[in-house]
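> Quick note, the sequence shown lines up with residues 27 to 604 if you use the numbering used here.
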Amino acid sequence: MILVREFLIALPRRQKRFLQLAADTLLIWVALWLSFAVRLGDFFAASPFDGHGWLFITAPLIALPIFIRMGMYRAVMRYVGSDALLTIAKAVTLSALVLALAVYWYTGPTAVVPRSMVFNYWWLSLLLLGGLRLAMRQFFIGNWLDPLSQQVDSGKGIARVAIYGAGTAGNQLLAALRLSVTMRPVAFVDDDAGVANRVIAGLRVYTPKHIPQMIDETGADEILLAMPSISRARRRDILDKLEPYALHVRSVPGFTDLASGRVKVEDIQEVDIADLLGRDAVPPRQDLFQRCIKNQVVLVTGAGGSIGSELCRQILASGAHALLLFEHSEFNLYSIHGELQQRIERESLPIRLVPILGSIRNFERLFDILQTWRVNTVYHAAAYKHVPMVEHNVAEGVLNNLVGTVNAAQASIKAGVANFVLISTDKAVRPTNVMGSTKRLSELILQGLSREAASVLFGDSTNLAGVNKTRFTMVRFGNVLGSSGSVIPLFHKQIKHGGPLTVTHPKITRYFMTIPEAAQLVIQAGSMGQGGEVFVLTMGEPVRYVELAENMIHLSGLSICSEPKPHGDIGREFKGLR
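#1: Determine, using beta carbons only, whether Val404 and Phe446 come nearer to each other than 8 Å.
#2: Closest by CA to Asp217, which one among Val207, Pro238, Thr233 and Pro211?
#3: Helix, strand or coil for Pro381 per DSSP?
#4: From the DSSP output, in three-state form, read off Ile319 for me.
#5: Determine the DSSP secondary structure at Arg400, reduced to helix, strand or coil.
#6: Go ahead and pull the three-state DSSP assignment for Asp179.
#7: Nearest-angstrom Cα distance between Leu174 and Gly245?
#8: Just tell me which of Gly384, Arg598, Phe600 and Met578 has its CA closest to the CA of Asp266.
#9: Mapping the DSSP letters down to three states, classify His630 as helix, strand or coil.
#10: For Asn197, which three-state DSSP category applies?
#11: Using CA coordinates, which residue listed in Val401, Leu155, Phe498 and Arg502 is at the minimum distance from Lys453?
#12: Identify the residues that DSSP records as bridge partners of His363: which are they?
#13: If contact is defined by three or more beta carbon pairs under 8 Å, each pair taking one atom from either stretch, is the stretch 423-435 in contact with the stretch 515-531?
#14: Going by beta-carbon coordinates alone, are Ala48 and Ile88 separated by less than 8 Å?
#15: Considering Cα atoms alone, identify which of Leu199, Ile241 and Ala544 is closest to Met253.
#16: Looking at the secondary structure, which residues open and close the alpha helix (DSSP H) in which Asn433 lies?
#17: In this structure, does DSSP put Arg598 in helix, strand or coil?
#18: Do the stretch 362-369 and the stretch 384-398 touch if we need at least three Cβ pairs shorter than 8 Å?
#19: When you compare each of Val187, Tyr190 and Ile319 to Ala19 by their alpha carbons, which one comes out closest?
#20: When burial is assigned at 16 or more other CB atoms within 10 Å of the CB, is Thr499 buried or exposed?
#21: Would you list, in sequence order, the uninterrupted beta strand (DSSP E) runs of no fewer than 3 residues that lie entirely inside the stretch 214-244?
#22: Please classify Gln177 as buried or exposed, where buried requires at least 16 neighbouring CB atoms within 10 angstroms.
#23: Do you know how far the Cα of Ser121 is from the Cα of Asp243?
#24: Residues bridged to Ala185 by DSSP?
#25: Kindly indicate the opening and closing residues of the beta strand (DSSP E) around Leu472.
#26: Please state whether DSSP places Leu255 in a helix, a strand or coil.
#27: Let me know the secondary structure DSSP gives Phe44 once reduced to three states.
#28: To the nearest angstrom, report how far apart Gln41 and Ile94 are at their CA atoms.
#29: Among Val225, Asp50, Gly558 and Thr398, which residue has its Cα nearest to the Cα of Ala192?
#30: Using a C-beta cutoff of 8 Å, does Tyr99 count as contacting chain B?
#31: Among Pro532, Leu547 and Lys533, which residue has its Cα nearest to the Cα of Met539?
#32: Do Leu81 and Thr51 have their C-beta atoms within less than 8 Å of each other?
#33: Thinking C-beta only, is Leu60 closer than 8 Å to Leu158?
#34: Using the beta-carbon count (16 or more within 10 Å), is Ser257 buried or exposed?
#35: Distance, Cα to Cα, Ala343 vs Gln368?
#36: Quick check on DSSP: helix, strand or coil for Phe33?
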């Protein structure tokens, strides 16, 4: 039966239409025959060889042109919906009326054709023709052949997916998935006990506690979260329920994007690891958000990095007069400049965007840029932040992170920049590595500079009459999810390549936040500071690295290789603190 279904789907459109015409002709004859049988109580009363042959010829000749004219054969059989069924009802009704006129005008006084036969023909045709299309739709996209199709899907790499959420969003996702050639929907999962064990659009609804039963009965190997508007805390609860099962968990894009065509079903995303934190993002205060940006000239160092690029995105939407992208990597600068320029053109933003190649080690270059453009605010995101790389390159790490920061700060003072915000890290707290030490020293130096007069730093060469106008602010945050220095991309890569996942220590914990949160914090802190403060974000409860690694393994549909389960998919490796 699976082969029959695939054969029919692969047929050319012309051959499919011919088969539909032949099937409808046969069903019209059956409807005629049954209409006589219902009226006369005799199944053999309407034999075409017993004086009714003209009727069996006339009915298809009347019906089929009407069906064609009204577009019954333009609908794709496996996607027949309510509109197509309404068209069938109209076409069958019209053909029955025309047939009634033919019977009325052309039957003689001796012809045995009861007038009520036409009414029977009408409702029987509706039943047979509409029923055929619904049956074929279920045959093509339903789960009648589920026990057989499980093996076929597995052989072809087709994912058998369950949909978490049987509401409107879940049904919209189901309709979209039935157009997919890479995924086959097999079940719903929903917390609502009122819909448990019910069948919606041909799929059974299971509760979370019956997920093992669902896996056994349907062969599901993936689950899609169809609840795009729920809170992060609620999403975390759901992920906790799914974590024990060997299911690959993913989430759907926004249905507005899906419906508009900007996103395809195949673009379904991996679960956002931020959902595992269970903490909703705190919206920024707009008064603080725009204080150091609106109608001002802003420079971002390290503009092509993960934090720097997000700062630029946030600044772009906050009404800055000009945004200077300062970056030493040509490729990173090209990428972020292209992205932002497209957004400016698309949204008609009144902002000047200036890409600048340069190094923070070059004091004269920095000063010239700051003075020429009369920069109001500097966000200093340029830094080497990969701990092991800085450990292997101590001199370069010190030159870039420490000397580069001092250069940027002194150039800002000399050029009369009003605000200077340093992006720091929680590794600066009692640092145990070179990277953390360079950040802590940078904080201390900026605190010292904020109390020094410009004349002390630059002698009589300054044009600021000995006044230091620059307000220094430092912002610390923990591990930023998705940044180039974050452990998350590393875990994703290790899972993709079969592991093991490398963790420093089983008890090590870290605070996490998202890149947009980090950028918003930096901007707001720059507005709040009076000079010399170090701001630290309260980021909820710390997360153990090993638990995060285990959750990511489970949500990828894999199992952990450990002493109790030596045959698991992916192992863990503890490398020790650094």
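Note that the Cβ used here is the ideal one computed from N, Cα and C, for glycine as well. A quick note: this is a predicted structure, and the numbers were derived from the prediction, not measured.
Reading it off the structure:
#1: As a position in the sequence shown, residue 404 is number 378, starting the count at 1. As a position in the sequence shown, residue 446 is number 420, starting the count at 1. Yes; because the gap between Cβ atoms is below 8 Å, this pair is in contact.
#2: On the sequence shown, residue 217 is found 191 positions in, with the first residue counted as 1. Thr233 is the residue among Val207, Pro238, Thr233 and Pro211 whose C-alpha sits nearest the C-alpha of Asp217.
#3: Taking the first residue of the sequence shown as 1, we reach residue 381 at position 355. Reduced to three states, the DSSP call for Pro381 is strand.
#4: Working through the sequence shown from its first residue, we reach residue 319 at position 293. In this structure, DSSP gives Ile319 a state outside helix and strand, which the three-state scheme calls coil.
#5: On the sequence shown, residue 400 is found 374 positions in, with the first residue counted as 1. Coil, per DSSP.
#6: For the purposes of this step, residue 179 is taken as residue 153 along the sequence shown, with counting starting at 1. At Asp179, the pLDDT of 49 sits below 50, so the modelled position is not reliable; the number obtained from the coordinates is stated separately. It is helical.
#7: Looking up residue 174 in the sequence shown gives position 148. Looking up residue 245 in the sequence shown gives position 219. Low confidence applies here, because Leu174 scores a pLDDT of 42, under 50, leaving its location unreliable; read the following figure in that light. Rounded to whole angstroms, Leu174 to Gly245 spans 11 Å at the Cα level.
#8: Within the sequence shown, the letter at position 240 stands for residue 266. The closest CA to that of Asp266, considering only Gly384, Arg598, Phe600 and Met578, is found on Met578.
#9: Only positions 27 to 604 of the chain appear in this structure, which leaves residue 630 out of reach.
#10: The count along the sequence shown starts at 1 and reaches residue 197 at position 171. Three-state result, Asn197: helix.
#11: On the sequence shown, position 427 is the one that residue 453 refers to. Of the candidates Val401, Leu155, Phe498 and Arg502, the one whose C-alpha sits nearest the C-alpha of Lys453 is Arg502.
#12: Walking along the sequence shown from the start, residue 363 turns up at place 337. Residue pairing by DSSP places His363 in no beta bridge whatsoever.
#13: Put simply, the stretch 515-531 does not touch the stretch 423-435. Fewer than three CB pairs are less than 8 Å apart.
#14: Numbered from 1 along the sequence shown, position 22 holds the residue referred to as residue 48. Numbered from 1 along the sequence shown, position 62 holds the residue referred to as residue 88. No, these two residues do not count as a Cβ contact at 8 Å.
#15: Here the question's residue 253 lines up with position 227 in the sequence shown. For the residues Leu199, Ile241 and Ala544, the minimum Cα distance to Met253 belongs to Leu199.
#16: Sequence index remark: in the sequence shown, residue 433 carries index 407 (1-based). Segment Gly430 to Ala441, the alpha helix (DSSP H) holding Asn433.
#17: In the sequence shown, counting from the first residue as 1, residue 598 sits at position 572. Correct three-state label for Arg598: strand.
#18: Three or more beta-carbon pairs separated by less than 8 Å are not found between the stretch 362-369 and the stretch 384-398, which leaves the two stretches without contact.
#19: Residue 19 lies beyond the residue range present for the chain, which begins at 27 and ends at 604; the question has no answer from this structure.
#20: By one-based count along the sequence shown, residue 499 stands at place 473. Label assigned to Thr499: buried.
#21: Counting only runs of 3 or more, we get 229-232.
#22: For this step, residue 177 is matched to residue 151 along the sequence shown. Here Gln177 scores only 44 on pLDDT, less than 50, and its place in the model should not be relied on; the value that follows carries that caveat. The residue in question, Gln177, is exposed, as its Cβ has fewer than 16 Cβ neighbours within 10 Å.
#23: Taking the first residue of the sequence shown as 1, we reach residue 243 at position 217. Taking the first residue of the sequence shown as 1, we reach residue 121 at position 95. The amino acid at residue 243 is misidentified as Asp; the sequence shows Glu. Their Cα atoms are separated by approximately 45 Å.
#24: Counting from 1 along the sequence shown, the entry for residue 185 is found at position 159. Note: Ala185 sits in a beta bridge opposite Met209.
#25: On the sequence shown, residue 472 is found 446 positions in, with the first residue counted as 1. Judged by DSSP secondary structure, Leu472 falls outside any beta strand (DSSP E) and instead within the alpha helix (DSSP H) spanning Val460 to Leu475.
#26: Within the sequence shown, numbered from 1, the residue matching residue 255 stands at position 229. Reading off the sequence, residue 255 comes out as Ser, not Leu. Of the three classes helix, strand and coil, the one that applies to Ser255 here is coil, per DSSP.
#27: In the sequence shown, counting from the first residue as 1, residue 44 sits at position 18. Annotated three-state conformation of Phe44 is helix, per DSSP.
#28: As a working note, residue 41 is residue 15 in the sequence shown. As a working note, residue 94 is residue 68 in the sequence shown. If you take the alpha carbons of Gln41 and Ile94, they lie about 15 Å apart.
#29: Residue 192 sits at position 166 when you count from the first residue of the sequence shown. With distances taken between CA atoms, Ala192 lies nearest to Val225 out of Val225, Asp50, Gly558 and Thr398.
#30: Absent here is chain B; the protein component of the structure consists of one chain.
#31: For the purposes of this step, residue 539 is identified with residue 513 of the sequence shown, where counting begins at 1. Scanning Pro532, Leu547 and Lys533 for the CA closest to the CA of Met539 turns up Leu547.
#32: The sequence position of residue 81 within the sequence shown is 55, counting from 1. The sequence position of residue 51 within the sequence shown is 25, counting from 1. No.
#33: By 1-based counting over the sequence shown, the position of residue 158 is 132. By 1-based counting over the sequence shown, the position of residue 60 is 34. At the C-beta level, Leu158 and Leu60 stay beyond 8 Å of one another.
#34: Taking the sequence shown and counting its residues from 1, one reaches residue 257 at position 231. Exposed is the call here.
#35: In the sequence shown, residue 343 corresponds to position 317, counting from 1. In the sequence shown, residue 368 corresponds to position 342, counting from 1. One C-alpha to the other measures close to 13 Å.
#36: Position 7 of the sequence shown, counting from 1, holds the residue named residue 33. DSSP places Phe33 in the helix class (H, G or I) of the three-state scheme.
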